[in-house]
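Written out below as structure tokens is the structure these notes cover.
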């Protein structure tokens with residue numbers, strides 16, 4: 285939402301937003317499968333996508 289109000293081009297947000305959504309779906313699956321290392325990597329990728337989107341708004 286912050287990116288939308290700051291005038292960031294929506295095309296720049298598409299890929300990181302999809303990456304974030306995918307990581308949110310994969311994380312609970314990895315949790316149920318008890319795969320801690322990949323679960324941690326998934327969190328880092330998702331948070332990195334969020335940080336990238338927020339950096340576009342600055």
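In this note's numbering, the protein residues as written are 285 to 342.
Just so you know, even glycine gets a beta-carbon here, dropped at the ideal spot from N, CA and C.
The structure presented is a predicted model; accordingly, all values stated were derived computationally and were not measured.
Quick check on the burial criterion: 16 or more other C-beta atoms within 10 angstroms. Buried or exposed for residue 330?
Buried, since its Cβ has 16 or more Cβ neighbours within 10 Å.
For residue 317, does the count of other Cβ atoms within 10 angstroms reach 16, so buried, or fall short, so exposed?
Label assigned to residue 317: exposed.
Between which two residues does the alpha helix (DSSP H) harbouring residue 337 extend?
Looking at the DSSP string, the run of the alpha helix (DSSP H) that includes residue 337 is 320-341.
Can you give me the C-alpha to C-alpha distance between residue 339 and residue 319, rounded to a whole angstrom?
Cα-Cα distance, rounded: 30 angstroms.
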